[in-house]
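Take the position in the sequence shown, starting the count at 1, then add 676; the result is the number in this note's numbering. Virtual Cβ for every residue (Gly too), placed ideally from N, Cα, C. Single-structure report; data block below.
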Amino acid sequence: MNTKKWLTLGLTVALAGCLGWAVAACAPTEPNPNEGDNPGINNPDDPNNPDNPGEGDVTPDADRDTREFWVTGAGAGDLSTCSWTALKPDFKLTKEPKKDADGYTLYTIQFKIYAGGDSFKIRQDEKDANGALVWTDGTYFGIDEVRNASGTFIDAGTKNIGVATGKDGVYKFTVHTKPSPAPWKDNYVTWELVESVTPPSTTEDMYIVGKLAAYPKNDWPGYGKIEDCIHMTFDGDKTWSATITVKTNDQFKVYNKLNQQYYPDQGGNLTRPSDAPEGLFEVTWVSGATTPTVKHVHNYVKWGYDDTHHWKACDFDNAEQEGSRAEHDFKGGDTCECGYVSGKDAEWKIEGGELVEYTGDYVNLKIPADLEVFPDFGTLFGMGENNKYEPAKCEPKNVAKVQSVTIAPGNEHFKIENNAVLSMDGTVLYMYLPYSTETEVTFENVTEIANSAFIFNATVTTANFPKVKTVGKYAFYGTTALEHADLPLAETIGNCVFSTSSVQTVDLSSAKTIGYELFINSKLQSVELESVVTLGRSAFSGCKELTTVVFGANLTELGGYEFYDNTALTSITVKATNPPTATSVFLIAPAASATLKVYVPTDSVDAYKAAAGWSKLASFIEAIAE
Ligand SMILES: [Zn+2]
Ligand SMILES: [Zn+2]
């Protein structure tokens, strides 16, 4: 006969619509609640289960009035805060002050049950030194039998107890226990429905439970409150999900609070996938699936950047967010929101939009975002103060060092196109890239060549500028490969434009105003300046290969020292009727003078021979041949 001395209440109330619920008493333990010697794991109603704490004979306690009764178990409703393995204060039965009419001592407790899957026991405690229940046969006080609401005794060891009303609700349980001594079988439990509650609207209410370092309060049910665990979001159809931080040693499961089912149920816990770094993961469980998925979630909070762009990168794997790459936006300053500082490596000191000092090594020129006025590259490459040409400071070797020129994002003034730094509208050429390998260059839209734009260029042999009106000083200074420059519309020519260059021929047929030292010490062979009005001093000095020069009819002024050491010079033609002023000494190298001819208009021959400056050339002056 029945000799069991404990109470097992395995409620199997059929909840309308939830007939498929299994009684799954799965209390967790670490790390896998479904493995090991766990009181909740096995069917508590199985009398042959050796793990069942109620099995076997027990020694009755001598004085039950001094004992305590507790509920242990798991489930939805109030049982979600209960535990199979630890005594919870809320689940201690209260000893009533009065005994019942039969002299039985009464212990009561009241809690809410969702009958479909909840399971629990009422037990007399036996605790070890640490206060934990000890699941060892013989240490438990048991109640042999319980009776149903009709008062009928039911064998608790082999059958589940049915709550006659079949309703979810708040129940009051009363343990009737007879003082020592036996018969134990006279002890029993009664219960009554105190208040019906509305059943859960879904059979699923999913949580992530387990050990997660980032969530100290998250725990297996039984160790902590399920409310403290991570509640998953239901999509209204079949899928539950939550995005959580998962660390390396974390172990967890997806848990259905309503029927205490774990996913995965057996055989291991969910962990951080080994192919993903610690960080955010999306845990997804699809209704009916046995195993949830754990997928790395990119956490795009970290800025990545290079000189031209920034982007958002994943905190954990450095993955670049799709579509996030954008140009830096400096918003008026030189620091972008991503942390990139414009020109920080280029060593350009900018004040008021102008370069005041360059301290870099010339190798990688990074034009800063806040540069508004392009520097004279003579200054940049070592010209003296105020761009005065100081040979000791002007360093062709600095030009040769340049390997790259870039413009910081956010600079709205300049662009690089056709191997040159241009104004944004493409009309001003500020700097031809020294490292370009092009030999013949044409700039169709450029109307102005800025100072020093091609200075010391060693590659370009032919330069075509069909629309240029203005040429800045030193524009082609020191070029070593240039043979021909085509500037047919250029009217204003700065100082030293072709000085010390290798240029042999030029088209300057529209040039009106020309600065000093235009071709000094160059390899110029011949030139026709048909439109020139004023020509600065020393234009052809030192041009040892120069043979012929033609000035147009509009020439009014020469700066002086135009022809010095021109050993090959044979012909100067001046079409101006009135001799241009030539206030300085008009020097002609003695070696040239023997073969030199100076041609002037027929009617002006005498005037030239008498004019200041020209009179020294009187013996060479002849009329232009008709
Ligand atoms: Zn990522
Ligand atoms: Zn940026």
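- Contact between Cys905 and Tyr938 does not hold, since their C-beta atoms are separated by about 12 Å, which reaches or exceeds 8 Å.
- Remark: C-beta atoms of Gly845 and Lys788 approach each other more closely than 8 Å.
- Between the stretch 956-971 and the stretch 928-947, the count of Cβ pairs shorter than 8 Å is three or higher; the stretches touch.
- The three-state secondary structure of Tyr1284, taken from DSSP, is helix.
- For Ala750, the enclosing beta strand (DSSP E) starts and ends at Phe745 to Ala750.
- The count of Cβ pairs closer than 8 Å, one atom from the stretch 973-980 and one from the stretch 1038-1048, stays below three, leaving the stretches out of contact.
- A Cβ-Cβ distance of about 5 Å is found for the pair Ala1161 and Val1182, placing them in contact under the 8 Å criterion.
- For Glu1013, the shortest separation between its Cβ and any heavy atom of ligand 2 lies below 7 Å.
- Taking the C-beta atoms as reference points, Asp1241 is found no nearer than 8 Å to Lys1273.
- Under the DSSP definition of a beta bridge, Thr1181 partners with His1160.
- In the DSSP assignment, Met882 falls within the beta strand (DSSP E) that extends over Met882 to Lys887.
- At least one heavy atom of ligand 1 sits closer than 7 Å to the Cβ of Asp993.
- Just measuring C-alpha positions, the residue of Pro1277, Ile1131 and Ala1166 sitting nearest Ser1178 is Ile1131.
- The alpha-carbon of Thr1259 is positioned some 42 Å away from that of Gly1028.
- By the Cβ neighbour-count rule, Asn1133 is buried, with 16 or more other Cβ atoms within 10 Å of its own.
- Shortest Cα-Cα distance from Ala752 to any of Ile902, Glu1167 and Asn994 involves Ile902.
- With distances taken between CA atoms, Glu871 lies nearest to Tyr847 out of His852, Tyr847 and Glu880.
- Glu903 sits in a helix when the DSSP states are folded into three classes.
- Take Phe767, set aside five residues on each side of it, and the residues of its chain with a beta-carbon closer than 6 Å to its own are Trp746, Val747 and Cys758, in chain order.
- If you draw a straight line from the Cα of Asn1040 to the Cα of Thr1103, it comes to about 25 Å.
- Around Glu1298, the same chain offers Lys1273, Val1274, Tyr1275, Val1276 and Val1281 as residues with beta carbons nearer than 8 Å, after the five sequence neighbours per side are excluded.
- In the DSSP assignment, Glu1204 falls within the unbroken beta strand (DSSP E) covering Ser1202 to Leu1205.
- Annotation: the continuous beta strand (DSSP E) that includes Thr1138 extends over Thr1138 to Asn1140.
- Thr1243 and Ser1217 have their alpha carbons spaced roughly 10 Å apart.
- Selection Glu1116, Ala1002, Ala1084 and Gly1086 evaluated against Asn1094 yields Glu1116 as nearest (Cα-Cα).
- Short note on Tyr1016: C-beta closer than 7 Å to some heavy atom of ligand 2.
- In the three-state DSSP reduction, Pro897 falls in the strand class (E or B).
- For Gly1191, same chain residues with a beta-carbon under 8 Å away, outside a window of 5 residues either side, are Lys1149, Ile1169, Gly1170, Asn1171, Cys1172, Val1173 and Gly1212 in chain order.
- Residue pairing of Asn932 in beta bridges, as defined by DSSP: Met882 and Gln937.
- Residue state for Gly753 is assigned as helix, using DSSP reduced to three classes.
- Within its own chain, the residues whose Cβ lies closer than 7 Å to the Cβ of Glu996, once the five positions on either side in sequence are excluded, are Gly980, Trp987 and Ala989, listed in chain order.
- Under the three-state reduction of DSSP, Val1225 is assigned to strand.
- Distance check between Gln786 and each of Ile798, Tyr780 and Thr1278 places Ile798 closest, using alpha-carbon atoms only.
- Exclusion of the five residues before and after Val1226 leaves Glu1204 and Thr1249 as the residues of its chain whose Cβ lies within less than 6 Å of its Cβ.
- Residues of the same chain with a CB within less than 7 Å of the CB of Thr1156, apart from the 5 flanking positions on each side, are Ala1134 and Ser1178 in chain order.
- Comparing alpha-carbon positions, the option among Ser1202, Asp754 and Thr1232 lying closest to Lys1188 turns out to be Thr1232.
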